[in-house]
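Asker: I'd like to ask some things about the structure below.
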Amino acid sequence: MNWINRIGLIAVLMCTISFARAQGTESTNYRNTTNRGLYLGASASTNGWGINARYALNDKFSLKTGYENLSLSYTFNFNEYEIEYDADLDFKTGGILALLDFSYTRNLYLSGGVVFTAFNAEVKGNAISDLQYGDIVIPAEDIGTFKFVAEPGLKVSPYIGAGYQAFMGKRDGVVFNFETGLYYMGAPDFTIEADGLLAPTADPAFGQEEYLESQFDAYKIYPVIKLNLAFKIF
3 MNWINRIGLI
13 AVLMCTISFA
23 RAQGTESTNY
33 RNTTNRGLYL
43 GASASTNGWG
53 INARYALNDK
63 FSLKTGYENL
73 SLSYTFNFNE
83 YEIEYDADLD
93 FKTGGILALL
103 DFSYTRNLYL
113 SGGVVFTAFN
123 AEVKGNAISD
133 LQYGDIVIPA
143 EDIGTFKFVA
153 EPGLKVSPYI
163 GAGYQAFMGK
173 RDGVVFNFET
183 GLYYMGAPDF
193 TIEADGLLAP
203 TADPAFGQEE
213 YLESQFDAYK
223 IYPVIKLNLA
233 FKIF
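All residue numbers for the sequence shown refer to our numbering, where the first residue is 3 and numbers rise by one.
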């Protein structure tokens, strides 16, 4: 199990244990509340910045939807076989959420559903130095360009999580949430494009895509830690 999976599982386990301990004391304080209705809010999480809507059907069940987005870009260079390359990394995650929350005390809840994921990781670049082969010099532009794209195996990813919610203000009009959970995204699918002398890298006959997929096969789980603040509309 890779370190990302370990972090996610440890976070969920710690949260579950603390919730189980707290349930004994909080269950005695559970009461009928005025938290039914529609809440609109904003969130920040490892899945990006987002907005969401939550409709509390009753004191136990709530329907929740939202959109989250996180985009990162990074430029770097590296050397391979005495050739220098410039490269750009573009990383994107987030998506559209469709969840059902179950509140087993006033403050503690479980969440489950799916995310229509927008996860995408792309590395593209080109050679910036010539290749010296004996008396032969191959110009950088003839060495070629490359692009590696990683996408999740599941475009619709199951999600399970646990959270703490605190209602505040008149008529419980403000709610703060802390939530941790896991998306199961499946093993990543890789696509390779290349030209020039690098073209064989993208040739299916060489099996480079399959090799990368086998190397990253363990990265199937995406851990989520989320903070959310929402206001009651009605």
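Note that CB positions come from ideal geometry on N, CA and C, so glycine has one too.
Pro141 by DSSP, collapsed to three states: which one?
Answerer: On the sequence shown, residue 141 is found 139 positions in, with the first residue counted as 1. Here Pro141 sits in coil by DSSP.
Asker: At the level of alpha carbons, what is the spacing between Gly165 and Ile85?
Answerer: Taking the first residue of the sequence shown as 1, we reach residue 165 at position 163. Taking the first residue of the sequence shown as 1, we reach residue 85 at position 83. Computed Cα separation, rounded: 50 Å.
Asker: Identify the continuous beta strand (DSSP E) that holds Leu214 and give its terminal residues.
Answerer: Locating residue 214 in the sequence shown gives position 212, where the first residue counts as 1. From DSSP, Leu214 is part of no beta strand (DSSP E) but of the alpha helix (DSSP H) over 210-217.
Asker: By Cβ distance below 6 Å, which residues in the same chain neighbour Gly43 in space, the five residues on each side in sequence not counted?
Answerer: Stepping through the sequence shown from its first residue, residue 43 is reached at position 41. Around Gly43: Asn54, Asn230, Leu231, Ala232.
Asker: Whose C-beta lies closer than 6 Å to the C-beta of Tyr76 among residues of the same chain, with five residues either side of it excluded?
Answerer: By 1-based counting over the sequence shown, the position of residue 76 is 74. So the qualifying residues of the chain are Leu91.
Asker: Give me the Cβ distance between Tyr161 and Gly114, rounded to the nearest whole Å; I'm assuming they're in contact under 8 Å.
Answerer: The residue you call residue 161 lines up with position 159 of the sequence shown. The residue you call residue 114 lines up with position 112 of the sequence shown. Contact flag correct, Cβ pair sits at about 7 Å.
Asker: Can you name the start and end residues of the beta strand (DSSP E) that Asp92 belongs to?
Answerer: Position 90 of the sequence shown, counting from 1, holds the residue named residue 92. 85-105 is the span of the beta strand (DSSP E), which, as asked, contains Asp92.
Asker: Whose C-alpha, out of Asp219, Asp197, Val158, is nearest the C-alpha of Lys149?
Answerer: Residue numbering aside, residue 149 sits at position 147 when the sequence shown is read from its first letter. Nearest of Asp219, Asp197, Val158 to Lys149, Cα basis: Asp197.
Asker: Leaving out five residues on either side along the sequence, give the residues of the same chain with a beta carbon under 6 Å from the beta carbon of Leu72.
Answerer: For the purposes of this step, residue 72 is identified with residue 70 of the sequence shown, where counting begins at 1. For Leu72, where only same-chain residues beyond five positions count, the Cβ hits under 6 Å are Gly50, Thr95, Gly96.
Asker: From the DSSP output, in three-state form, read off Leu133 for me.
Answerer: Taking the first residue of the sequence shown as position 1, residue 133 is located at position 131. In the structure shown, Leu133 sits in a strand (DSSP, three-state: E or B).
Asker: Out of Tyr69, Asp191, Gly52, point me to the one whose CA is closest to Ala123's CA.
Answerer: As a working note, residue 123 is residue 121 in the sequence shown. It is Asp191.
Asker: Between the region 173-192 and the region 219-227, do three or more beta carbon pairs fall short of 8 Å?
Answerer: Short answer: they touch.
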